[in-house]
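2 protein chains.
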Amino acid sequence: MRATFIYGAGDVRVTDAPDPRIVEPSDALVQITHACVCGSDLHPYHSAPHNPAGKSIGHELIGVVTEVGAAVTTLAVGDFVIAPFAISCGVCEFCRVGLQTSCVRGGFWNDDDLGTSGGQAQAARVPLADGTLVKVPGVDPATADSGLLASLLTLSDVYGTGWHAAHRAGVTAGDTVAVIGDGAVGLLAVLSAKQLGAERIILMGRHRARTDLGREFGATDVVADRGDEGINAVLELTKGGATKVLEAVGHLPAFQQAIGIVRPGGVISRVGVPQYQDGPIGWSFFGKNTTLTGGPAPVRAYIEQLLPAVLDGTVHPGRVFDRTVGIEDTPQAYAAMDAREALKVMIKL
Amino acid sequence: MRATFIYGAGDVRVTDAPDPRIVEPSDALVQITHACVCGSDLHPYHSAPHNPAGKSIGHELIGVVTEVGAAVTTLAVGDFVIAPFAISCGVCEFCRVGLQTSCVRGGFWNDDDLGTSGGQAQAARVPLADGTLVKVPGVDPATADSGLLASLLTLSDVYGTGWHAAHRAGVTAGDTVAVIGDGAVGLLAVLSAKQLGAERIILMGRHRARTDLGREFGATDVVADRGDEGINAVLELTKGGATKVLEAVGHLPAFQQAIGIVRPGGVISRVGVPQYQDGPIGWSFFGKNTTLTGGPAPVRAYIEQLLPAVLDGTVHPGRVFDRTVGIEDTPQAYAAMDAREALKVMIKL
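Chains as they are written, first to last, in full-length UniProt numbering: chain A, 1 to 349; chain B, 1 to 349.
Right, dumping it as structure tokens:
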């Protein structure tokens, strides 16, 4: 098959790779129909050390089951499935409470221990398939609407991650929510906050096309300023701070911004993987009785809940995709997202 | 009146001070019957810069109302009251949701802006008396049992602070709770976790007399080890970590310990004022979907709730006091607590 590998910073290539095969009886094989590039893929794209052997990459995919192991009970060849970005058994202590990213048997794509390859490829072996994959009934990817397929693809990561931010923050009716970051996750955190009943949603971002989409998703205000100016703008709009702050960036200035704009007693929910080790959690954080929550989103926990509104067209999270390429053009997808020419690029296989 | 002032590190003295008087119509004056020294008073005792003018100190007190301003409506001369460590109006946005430590009109003892003096004195002016003070009906401090009075005094700070740790962590029936710190707040966090239904309570502390009291308050296990050894001991006892960690110390190693022992998806609730600016909230914290909460305890929000079990003798939080002195011996109280010869010292006026 053809698959995407990263060989170092800025060096992504598509090459031939062995076709995946069933290893464990709980495995399934999936022919990938749609994949994409994640904002988090840009971190290794910026900083991965040179690696002549290459490392497979990608973790968002939907596709069709082509083979199942002997122990798989809930899936059959031909099923159209969503694959979350985490592999999970579905039955351990953490899976049962909806924290599949801490599954005791699971792991992630591109994991040597688990023997998983990457999502930006023509096919994938999915360990713990019964726990991991979610079947989408009634949709044939060969004939379905491309917008619907794009929205289904967001359930593999970015929509579930935006939802996790809002859900863990406890966003509820009447809340004043601030979302930091106008990437795909930030925009889908806006959509999620809207679905959860937030009254006011302030989107902090400076890319007009993105913040315009944020307004369509439910943002009531946009603040383009950063740093102290951005903080003061939100404090003024909210008369003292947002009750819930959803941080979808992962860099330290975004977290500092979150502390500046959170209302006393409020919650900061982070879903951008922190690109820092230490953060300011002294008096300025503690004195306001701030709560910090969030983490890698157990999107598996949310797919069944979010699916109906996607299927019936109530929401269109797939609008975060503004470009589509074929597998051979995956390197250009990285370059376009890195240059911020594209918000999020779909790979149609 | 006689009152306690701090003149620099290790330099606490009792001296004559002007009697307090009504300044605002919402003030009350209180003749203090019992006060005490807080673990947090030891921070300036360790590090306050030399100050020849002295600064009043102390923030935990109970006593009898001796005068009320013209606007005070809920209190009368002769009422026996508990004074929380924060002054609060009772009617602002934050007071209404039980976050009196963020009251927009309030503040703390020993606050120049608010014109408050300290609690380790014979009398105090209490601003915003209707919001701040809690009347204890049916108790005459002149004749009441000394154990009961000690327990009532803990409601001014340490019991409410231990309760805040457990309450903000969301401790509930069946939880496995770890409490870091065997000071008065840690021990009362144990008692609070027990009251909230925790099934297992692991107290991390190394002072035998204190941890023995912790066992009486409800601790099921005691871990004396610190650092990696302490973390490993708790991970082994809990088979993977505590669901709720109550951090009642405030120093960075205690927070690092909390991160090490919290179960994936668990909560760290801090009530010790952090003596650090930056803390490790990168992947080791984020990857487990850890929640961090806590802050200065709005003890005013909890007094009415906690009072009945104190009055009827169901709980005896006042057992944290292991020494009583008169006002002239307040400096010795500091020295005894600093040397860890005393857990917590009451000042009987």
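Built from N, CA and C at the ideal position, the CB exists for glycine as well. Bear in mind the structure is a predicted one, so any value in this text is a computation, not a measurement.
Nearest to P49 (chain B) (by Cα), restricted to the options B:A71, B:L42, B:Y7, B:V14 | Residue mapping note: residue 49 (chain B) aligns to position 49 of the second sequence, counting from 1. Here the closest residue by C-alpha is B:Y7.
Mind listing the chain B neighbours of Y276 (chain A)? Cutoff is C-beta to C-beta under 7 Å, in chain order.
-> Taking the first residue of the first sequence as 1, we reach residue 276 (chain A) at position 276. Within chain B, the residues near Y276 (chain A) are G282.
Tell me, please, whether the CB atom of L99 (chain B) is closer than 8 Å to any CB atom in chain A?
-> The count along the second sequence starts at 1 and reaches residue 99 (chain B) at position 99. Closer than 8 Å to some Cβ of chain A, the Cβ of L99 (chain B) qualifies, so yes.
Beta bridge counterpart(s) of K135 (chain B) as assigned by DSSP = Along the second sequence, read from residue 1 onward, the residue named residue 135 (chain B) stands at position 135. K135 (chain B) is bridged to B:V81.
Does DSSP put K194 (chain B) in a helix, in a strand, or in coil?
-> The residue given as residue 194 (chain B) occupies position 194 in the second sequence. Residue state, collapsed to three classes: helix.
Identify the continuous beta strand (DSSP E) that holds P141 (chain B) and give its terminal residues.
-> The count along the second sequence starts at 1 and reaches residue 141 (chain B) at position 141. Looking at the DSSP string, P141 (chain B) is not in any beta strand (DSSP E), and its letter there is neither H nor E.
Minimum Cβ-Cβ distance from R200 (chain B) to chain A less than 8 Å | Position 200 of the second sequence, counted from the start, is the residue given in the question as residue 200 (chain B). No, because no Cβ of chain A sits closer than 8 Å to the Cβ of R200 (chain B).
Distance CB(V249 (chain B))-CB(I202 (chain B)) smaller than 8 Å | On the second sequence, residue 249 (chain B) is found 249 positions in, with the first residue counted as 1. On the second sequence, residue 202 (chain B) is found 202 positions in, with the first residue counted as 1. Not in contact: V249 (chain B) and I202 (chain B) (Cβ atoms no closer than 8 Å).
Cross-chain neighbours of V273 (chain A) in chain B, by beta carbon under 8 Å | One-based indexing of the first sequence puts residue 273 (chain A) at position 273. Ordered by position in chain B, the residues that pass the 8 Å Cβ test against V273 (chain A) are W283, F286.
How is the beta strand (DSSP E) around P215 (chain A) delimited, first residue to last?
-> Residue mapping note: residue 215 (chain A) aligns to position 215 of the first sequence, counting from 1. Residue identity differs from the one stated: residue 215 (chain A) is Arg in this sequence, not Pro. From DSSP, R215 (chain A) is part of no beta strand (DSSP E) but of the alpha helix (DSSP H) over 208 to 217.
In angstroms, rounded to a whole number, what distance separates the CA positions of I180 (chain A) and L187 (chain B)?
-> Here residue 180 (chain A) corresponds to residue number 180 of the first sequence, with the count starting at 1. Here residue 187 (chain B) corresponds to residue number 187 of the second sequence, with the count starting at 1. If you take the alpha carbons of I180 (chain A) and L187 (chain B), they lie about 39 Å apart.
Beta-carbon proximity check, L128 (chain B) vs L75 (chain B), cutoff 8 Å | Along the second sequence, one-based indexing puts residue 128 (chain B) at 128. Along the second sequence, one-based indexing puts residue 75 (chain B) at 75. Contact flag unset, no.
Give a yes or no on whether the C-beta atoms belonging to A123 (chain B) and F108 (chain B) are separated by under 8 Å.
-> Within the second sequence, the letter at position 123 stands for residue 123 (chain B). Within the second sequence, the letter at position 108 stands for residue 108 (chain B). Result no, Cβ atoms of A123 (chain B) and F108 (chain B) do not sit closer than 8 Å.
CA nearest to the CA of R13 (chain B), picked from B:E341, B:V299, B:A335, B:K344 = The sequence position of residue 13 (chain B) within the second sequence is 13, counting from 1. Comparing Cα positions, the closest option is B:A335.
Please check if any C-beta of chain A sits within less than 8 Å of the C-beta of S102 (chain B).
-> For the purposes of this step, residue 102 (chain B) is identified with residue 102 of the second sequence, where counting begins at 1. Taking Cβ atoms only, chain A reaches closer than 8 Å to S102 (chain B), which makes this a yes.
Nearest CA to the CA of I327 (chain A): which residue from A:L213, A:V37, A:G240?
-> Working through the first sequence from its first residue, we reach residue 327 (chain A) at position 327. With distances taken between Cα atoms, I327 (chain A) lies closest to A:V37.
What separation, rounded to the nearest whole angstrom, lies between the Cα atoms of P274 (chain A) and G282 (chain B)?
-> For this step, residue 274 (chain A) is matched to residue 274 along the first sequence. For this step, residue 282 (chain B) is matched to residue 282 along the second sequence. Distance between the alpha carbons of P274 (chain A) and G282 (chain B) is about 6 Å.
Proximal residues, the stretch 81 to 99 of chain A versus chain B, C-beta separation under 9 Å = E93, F94, V97, G98, L99
Given E24 (chain B), which residues of its chain have a CB within under 7 Å of its CB, disregarding the five upstream and five downstream residues?
-> Taking the second sequence and counting its residues from 1, one reaches residue 24 (chain B) at position 24. Taken in chain order, the residues that qualify are G69, P127.
Measuring CB to CB, does V267 (chain B) end up less than 8 Å from K244 (chain B)?
-> Here residue 267 (chain B) refers to the residue found at position 267 when the second sequence is read from its first residue. Here residue 244 (chain B) refers to the residue found at position 244 when the second sequence is read from its first residue. It is a contact, given that the beta carbons lie within the stated cut-off.
Residues near Y45 (chain B) in its chain [Cβ-Cβ closer than 8 Å; skip 5 each side] | Locating residue 45 (chain B) in the second sequence gives position 45, counting from the first residue. I6, A9, G10, V12, Y334, D338, listed in sequence order.
Go to H34 (chain B), then tell me how far its beta strand (DSSP E) extends in each direction, as first and last residue.
-> Your numbering for residue 34 (chain B) matches position 34 in the second sequence. Element bounds for H34 (chain B): 28 to 36.
Going by CA-CA distance only, name the one from A:L349, A:K344, A:K348 that's closest to Y159 (chain A).
-> Locating residue 159 (chain A) in the first sequence gives position 159, where the first residue counts as 1. With distances taken between Cα atoms, Y159 (chain A) lies closest to A:K344.
If you draw a straight line from the alpha carbon of R96 (chain A) to that of R300 (chain A), how long is it in whole angstroms?
-> Position 96 of the first sequence, counted from the first residue, corresponds to residue 96 (chain A). Position 300 of the first sequence, counted from the first residue, corresponds to residue 300 (chain A). Cα to Cα, the separation comes out at about 11 Å.
Count the other CB atoms, across all protein chains shown, that sit within 10 Å of the CB of D175 (chain A); report buried if there are 16 or more and exposed otherwise.
-> On the first sequence, residue 175 (chain A) is found 175 positions in, with the first residue counted as 1. Buried: at least 16 other Cβ atoms inside 10 Å.
Please look up how many angstroms separate the CB atoms of A3 (chain B) and S88 (chain B), rounded, as I've assumed it's under 8 Å.
-> In the second sequence, counting from the first residue as 1, residue 3 (chain B) sits at position 3. In the second sequence, counting from the first residue as 1, residue 88 (chain B) sits at position 88. Not a contact, Cβ separation roughly 23 Å.
So which residues of chain B does T211 (chain A) contact, with C-beta pairs closer than 9 Å?
-> On the first sequence, residue 211 (chain A) is found 211 positions in, with the first residue counted as 1. Within chain B, no residue comes near T211 (chain A); the closest Cβ sits about 26 Å away, beyond 9 Å.
Check whether the stretch 219 to 236 of chain B touches the stretch 161 to 172 of chain B, taking contact to mean three or more Cβ pairs, one atom from each stretch, closer than 8 Å.
-> no
Could you tell me whether the Cβ atoms of L99 (chain B) and P298 (chain B) are closer together than 8 Å?
-> As a position in the second sequence, residue 99 (chain B) is number 99, starting the count at 1. As a position in the second sequence, residue 298 (chain B) is number 298, starting the count at 1. In this structure, P298 (chain B) lies closer than 8 Å to L99 (chain B) by Cβ.
Among A:D221, A:S156, A:A178, A:P141, which has the Cα closest to the Cα of V64 (chain A)?
-> The count along the first sequence starts at 1 and reaches residue 64 (chain A) at position 64. V64 (chain A) has its Cα closest to that of A:P141, out of A:D221, A:S156, A:A178, A:P141.
So is T176 (chain B) in contact with chain A if we call contact Cβ pairs under 8 Å?
-> Within the second sequence, numbered from 1, the residue matching residue 176 (chain B) stands at position 176. Judged by the 8 Å Cβ criterion, T176 (chain B) is not in contact with chain A.
Nearest to K288 (chain B) by alpha carbon, out of A:A254, A:R270, A:F285, A:K288?
-> Here residue 288 (chain B) refers to the residue found at position 288 when the second sequence is read from its first residue. Ranking the options by Cα distance to K288 (chain B), first place goes to A:R270.
Going along chain B, which residues have a C-beta under 7 Å from P264 (chain A)?
-> The residue labelled residue 264 (chain A) in the question sits at position 264 within the first sequence. Per Cβ cutoff of 7 Å: F94, L99, S102.
Opposite F94 (chain A) in the DSSP bridges: which residues?
-> Residue mapping note: residue 94 (chain A) aligns to position 94 of the first sequence, counting from 1. Its beta-bridge partners do not exist; DSSP assigns none.
Quick one: list the residues of chain B neighbouring T293 (chain A), beta-carbon separation under 9 Å, in chain order.
-> Residue mapping note: residue 293 (chain A) aligns to position 293 of the first sequence, counting from 1. Residues of chain B passing the Cβ test: V267, N289, T290, T291, L292, T293.
Residue-chain proximity (R300 (chain B), chain A), Cβ-Cβ < 8 Å | Reading the second sequence from its first residue, position 300 is the one you call residue 300 (chain B). For R300 (chain B), the answer is no, since every Cβ of chain A falls outside 8 Å of its Cβ.
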